[in-house]
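The block underneath contains the structure these notes are about, expressed in structure tokens.
Numbering (our numbering), first residue to last: 93 to 405.
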């Protein structure tokens with residue numbers, strides 16, 4: 093004859109502890125999730141390779157937009173992979189900084205919500221608030237998407253980021269609403285939500301990529317405008333050549349500095365843009381996007397260039 097059951101034992105027919113049943117499911121789901129992430133990384137490539145590829149792309153996007161605004165092609169500059177990586181830092185610094193700040197604030201808010209969910213009297217209120225956040229987030233994302241598709245020429249620079257924010261907020265509201273359900277009901281649906289979260293993650297990542305690319309291109313166009321407004325602050329350049337270069341850019345002066353037997357031509361009124369890819373890129377004094385010229389010379393010793401401080405008189 094058996095004795096009375098202890099307080100920790102379960103009677104036949106009685107449901108076991110919901111929290112204990114949900115624990116192993118959540119742990120196994122987390123393990124499976126990390127395994128899937130590692131599998132994806134193994135297919136895409138090492139994280140360092142992926143990051144380098146992204147840096148090169150954003151640096152190229154910025155430089156390409158700048159070159160097109162100046163009437164050039166990015167291939168003329170002959171930039172290397174290292175050059176593109178360095179030029180991408182400015183394009184990524186502000187978006188990444190804002191993402192980190194917003195992510196920290198979201199984690200803090202989510203922890204507060206988790207603590208409130210542990211109190212039964214706040215559960216109903218949180219369910220209603222989560223429903224409102226869910227509807228508003230997805231509705232805002234859909235509205236921004238319609239604006240981006242219907243009027244691409246008038247789309248604001250940050251629209252992709254706004255779409256991603258709406259999706260994240262709506263998905264978080266859906267998550268809070270689900271977490272406010274009974275623990276046993278949560279455990280039964282955890283596996284079916286993995287695909288849903290993965291799709292949301294992929295969509296948000298693509299939107300962030302889109303927005304960062306647009307931001308990099310805007311920085312490139314802004315750099316071209318900056319050259320127009322501050323061309324007088326670029327280093328001065330005086331070119332000496334044994335052969336006549338016939339430079340026809342505005343404000344460029346050609347002078348003869350040699351003799352009949354040893355001709356030498358001197359060109360002033362130029363500003364240094366950049367030296368890259370075995371070429372010297374020069375702008376004329378008073379350079380503008382509409383009427384300026386970019387003088388391209390080979391950096392092979394056929395010409396001699398003297399650079400000076402623009403502030404020197």
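For glycine and all other residues, C-beta sits at the position ideal for the given N, C-alpha and C.
Distance CB(residue i)-CB(residue j) smaller than 9 Å
i: residue 233; j: residue 262; result: yes
i: residue 348; j: residue 395; result: no
i: residue 169; j: residue 393; result: no
i: residue 197; j: residue 205; result: no
i: residue 371; j: residue 390; result: yes
i: residue 321; j: residue 357; result: no
i: residue 328; j: residue 252; result: no
Beta strand (DSSP E) segment containing residue i, residue limits
i: residue 329; result: 328-333
i: residue 325; result: No beta strand (DSSP E) holds residue 325; DSSP gives it neither H nor E.
i: residue 387; result: 386-390
i: residue 167; result: Run containing residue 167: none; DSSP gives neither H nor E here.
i: residue 345; result: 345-348
i: residue 398; result: 395-400
i: residue 381; result: Segment: none, residue 381 is in no beta strand (DSSP E) and carries neither H nor E.
Residue i, buried or exposed, once every other Cβ within 10 Å from all chains shown has been counted against 16
i: residue 379; result: buried
i: residue 115; result: Because the pLDDT of residue 115 is 45, which lies under 50, any placement of that residue in the model is unreliable, and the question is left without a value.
i: residue 236; result: buried
i: residue 194; result: exposed
i: residue 376; result: buried
i: residue 229; result: buried
i: residue 154; result: buried
Residue of the options minimising C-alpha distance to residue i
i: residue 384; options: 140, 338, 185 and 343; result: 343
i: residue 399; options: 230, 165, 210 and 361; result: 361
i: residue 156; options: 325, 182 and 313; result: 313
i: residue 311; options: 149, 146, 158 and 147; result: 158
i: residue 268; options: 353, 189, 215 and 241; result: 215
Boundaries of the alpha helix (DSSP H) in which residue i is found, first to last residue
i: residue 258; result: 251-271
i: residue 205; result: 173-209
i: residue 61; result: Summary: the structure shown does not reach residue 61, with the chain confined to residues 93 through 405, and so no result is reported for it.
Test: residue i CB closer than 9 Å to a CB of chain B
i: residue 341; result: No chain B is part of this structure, which consists of one protein chain only.
Would you be able to state if there are at least three C-beta pairs under 8 Å between the region 296-312 and the region 248-259? Taking 8 Å as the limit for Cβ pairs, the verdict is that the region 296-312 does touch the region 248-259.
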